[in-house]
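Asker: Here it is: the structure, laid out below.
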Ligand code: ADP
Ligand code: MG
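Here it is, written out as structure tokens:
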């Protein structure tokens, strides 16, 4: 390892030279408090900025050991450090001048959710922070005096300010760690007490606007109906009360604009922890919950959708159903079967974003169109079996069909943003509005054996004339926010996977898929094998195994297992 003085000398030597000379800086440098590592140097001042990381020993940082010895404290501390470092470098960004991205200093920007990110990693030994710097140039000529400012003035100050325990707001940090432990406690409590979700009294569910994930100002705070109110004793905060949604089938009804979807949205994000002040800190759902919706046009491959769709007029079998362009109902059927495979124990469904003919078939329609003429067994006829035979609960928002009252265990009416338990009243009325006693076919948990393949035609490199060279293509990843990514020439559309909440999760999914098609496609591995292996590697090794060029890069955030499976399932494989 070189000293910081050697780095300074090197900087002086390459000043005014051509930009690629910056590459000679790759390496590690010892600063008094930390090690600075220059991992990758950009090719020119307009290219994606250079990758760096800083490692500081715990002895120097000084965080109490119980803040990082185990989860969930560790992730909470990592998240806290990224946010602090973000604020600290922001004021220095572009203070060093030059062309293109010269002078940029950036680290992951975190939203309302707390996610494990490659930007910060705390090991038993040290704190590692990964970030980007635009190496300064005038035109394409190195301006190393400006880089010297960044490396010798700005970064040491940012480290001092953001990464040392001594300069933290200790109360705020303690609260974050304790909140994380309380949130984990609630999630654990749900599983042990037959609950699907918890929404604390006083929670603020609506967001400021369609484009802001911050809490709405002056919103009506959540208040549980007495009959559903439970109290949980948290290790740090003490007693907390709120609505406990029991396992089983829960129906959320109410007039338009009364806050039904807002409640469901909060629950679907309740698989993640939220920062203090978010309003949803204590809105916690089963961590395997999956939001399911119709996805017109999606790709489906070899999925056994027969529990929902059977006897197609074409005679096409549906126990291994494939389509390039699914309809609303087939996409939703496939989504549910895939979510079962992905180990979900809670389905979240909003009638607004569902295919009507998939959800329910009313009595009149049943009388006019005989069962044998209808390939679709609607969700309403399967929800009971899903819970009783597969242990999967459903929380369903419905505004138009009363048929759901018959199958629900709990019925919550949203009335001016206030939930009311109307289970008894609605159940009493069920007798007056019977639904037909049609029995669906036998329920069995589908067993898919879907082989993971890759799109060979796409991954063969083509020459200038568009002819195949027979050589595999170098797979490039390009991320498009939380909507999609491209891998090579294929766009993987995940815009309807609503629980992907951060573009860094999308980036991680893209790199995971790339890893899978590079390493796991052998004609034997199933899609589930791939998902399991990717998830296990992530859990055991963090983001390191995705490293290319020998270093872990910043810019990835942890997706859940369910989203990894959703991604693999939507990749057009072959
Ligand atoms: P629904 O699904 O019942 O039609 P939404 O959940 O979409 O209704 O909510 C309708 C509107 O009311 C949204 O603009 C939402 O931001 C707002 N809203 C929801 N909950 C609250 C609340 N607790 N306080 C204030 N406004 C709310
Ligand atoms: Mg709605």
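Numbering (our numbering), first residue to last: 427 to 1000.
For each residue, glycine too, the CB sits at the ideal point set by N, CA and C.
Here the structure is a predicted model, which means the values were calculated and not measured.
Using a threshold of 8 angstroms, is the CB atom of residue 821 nearer than that to any non-hydrogen atom of ligand 1?
Answerer: No, the Cβ of residue 821 stays beyond 8 angstroms of every heavy atom of ligand 1.
Asker: Excluding the five sequence neighbours on either side, which residues of its own chain have a C-beta within less than 7 angstroms of the C-beta of residue 802, listed in chain order?
Answerer: Closer than 7 angstroms at the Cβ level, and outside the excluded window around residue 802, lie 734, 735, 755, 783, 784.
Asker: Who pairs with residue 820 in a beta bridge, going by DSSP?
Answerer: Beta-bridge pairing links residue 820 to 675, 773.
Asker: Counting only the same chain and skipping the five closest in sequence on each side, list residues whose C-beta sits under 6 angstroms from that of residue 509.
Answerer: Closer than 6 angstroms at Cβ, skipping near neighbours: 536.
Asker: Identify the residues that DSSP records as bridge partners of residue 845: which are they?
Answerer: Answer is 840, bridged to residue 845.
Asker: Nearer than 8 angstroms: is that true of the beta carbon of residue 646 relative to any heavy atom of ligand 1?
Answerer: Under cutoff, so the answer is yes.
Asker: Starting from residue 959, trace the alpha helix (DSSP H) in both directions and tell me its first and last residue.
Answerer: Looking at the DSSP string, the run of the alpha helix (DSSP H) that includes residue 959 is 953–967.
Asker: Can you tell me the Cα-Cα spacing of residue 938 and residue 972, whole angstroms?
Answerer: Cα to Cα, residue 938 sits roughly 7 angstroms from residue 972.
Asker: Return the chain-ordered list of same chain residues with a C-beta closer than 6 angstroms to the C-beta of residue 852, the five sequence neighbours on each side being excluded.
Answerer: Result list for residue 852: 831, 837, in chain order.
Asker: Are the beta-carbon atoms of residue 668 and residue 659 separated by less than 9 angstroms?
Answerer: No, Cβ-Cβ distance for residue 668 and residue 659 is not below 9 angstroms.
Asker: Mind checking whether residue 923 and residue 961 have CB atoms under 9 angstroms apart?
Answerer: Cβ atoms of residue 923 and residue 961: not closer than 9 angstroms.
Asker: Could you give the first and the last residue of the continuous alpha helix (DSSP H) run that contains residue 600?
Answerer: Where residue 600 is concerned, the enclosing alpha helix (DSSP H) stretches over 596–618.
Asker: Given that a residue counts as buried once 16 or more other Cβ atoms are within 10 Å of its Cβ, and exposed if not, what is residue 791?
Answerer: Exposed is the call here.
Asker: So which of 469, 547, 575, 963 has the shortest CA-CA distance to residue 526?
Answerer: Among 469, 547, 575, 963, the Cα nearest to that of residue 526 is on 469.
Asker: Do residue 471 and residue 562 have their beta-carbon atoms positioned less than 9 angstroms apart in this structure?
Answerer: Yes, the pair counts as a contact, with Cβ atoms nearer than the cut-off.
Asker: What are the boundary residues of the beta strand (DSSP E) that includes residue 640?
Answerer: Residue 640 -> beta strand (DSSP E) spans 638–641.
Asker: Can you give me the start and stop residues for the beta strand (DSSP E) that residue 461 sits inside?
Answerer: Its beta strand (DSSP E) spans residues 461–466.
Asker: For the alpha helix (DSSP H) that residue 487 lies in, which residues bound it at each end?
Answerer: Note, residue 487: alpha helix (DSSP H), 484–487.
Asker: Counting only runs that start and end within the region 667–746, where is the alpha helix (DSSP H) found for 4 or more residues in a row?
Answerer: Fully enclosed alpha helix (DSSP H) runs of 4 or longer: 686–695.
Asker: Given that a residue counts as buried once 16 or more other Cβ atoms are within 10 Å of its Cβ, and exposed if not, what is residue 684?
Answerer: So residue 684 ends up on the buried side.
Asker: Mapping DSSP to helix, strand and coil, what is residue 876?
Answerer: Correct three-state label for residue 876: coil.
Asker: Can you find a heavy atom of ligand 4 that lies under 8 angstroms from the Cβ of residue 687?
Answerer: You won't find ligand 4 in this model; what it holds is ligand 1 and ligand 2.
Asker: Using only CA atoms, which one of 746, 854, 630 lies nearest to residue 693?
Answerer: Minimum Cα distance to residue 693 is reached at 630.
Asker: From 624, 539, 608, 445, pick the residue whose C-alpha is nearest to that of residue 566; which is it?
Answerer: Of 624, 539, 608, 445, the residue nearest in Cα terms is 445.
Asker: Among the candidates 871, 433, 952, whose CA atom is the shortest distance from the CA of residue 813?
Answerer: For residue 813, the nearest C-alpha among the options comes from 871.
Asker: Check whether the Cβ of residue 682 sits closer than 8 angstroms to any heavy atom of ligand 2, and report yes or no.
Answerer: Yes, the Cβ of residue 682 comes within 8 angstroms of a heavy atom of ligand 2.
Asker: Tell me the start and end of each unbroken beta strand (DSSP E) in the region 517–576 that is at least 3 residues and wholly inside, in chain order.
Answerer: DSSP runs (the beta strand (DSSP E)) wholly in the region 517–576: 546–548, 552–559.
Asker: What span of residues does the beta strand (DSSP E) with residue 898 cover, start to end?
Answerer: Start and end: 894–898.
Asker: Hey, residue 843 and residue 632: beta-carbon distance below 9 angstroms or not?
Answerer: Going by C-beta atoms, residue 843 is nearer than 9 angstroms to residue 632.
Asker: Strictly by DSSP, which residues pair up with residue 749?
Answerer: Looking at the DSSP assignment, residue 749 forms a beta bridge with 726.
Asker: I think residue 987 touches residue 957, with their Cβ atoms under 8 angstroms apart; what is that distance to the nearest whole Å?
Answerer: 7 angstroms between Cβ atoms; contact.
Asker: Does the Cβ of residue 653 have 16 or more other Cβ atoms within 10 Å, making it buried, or fewer, making it exposed?
Answerer: Exposed, because fewer than 16 other Cβ atoms sit within 10 Å of the Cβ of residue 653.
Asker: I'd like to know if the region 751–771 and the region 711–727 are in contact, where contact means that at least 3 CB-CB pairs between them fall below 8 angstroms.
Answerer: Touching, yes, given that three or more Cβ pairs across the two stretches are closer than 8 angstroms.
Asker: Let's see if you can read the secondary structure: which residues bound the alpha helix (DSSP H) around residue 989?
Answerer: Its alpha helix (DSSP H) spans residues 987–996.
Asker: DSSP state of residue 655, grouped into three classes?
Answerer: If DSSP states are grouped into helix, strand and coil, residue 655 belongs with the strands.
Asker: Can you tell me whether residue 738 is buried or exposed, with buried defined as 16 or more other CB within 10 angstroms of its CB?
Answerer: So residue 738 counts as exposed.
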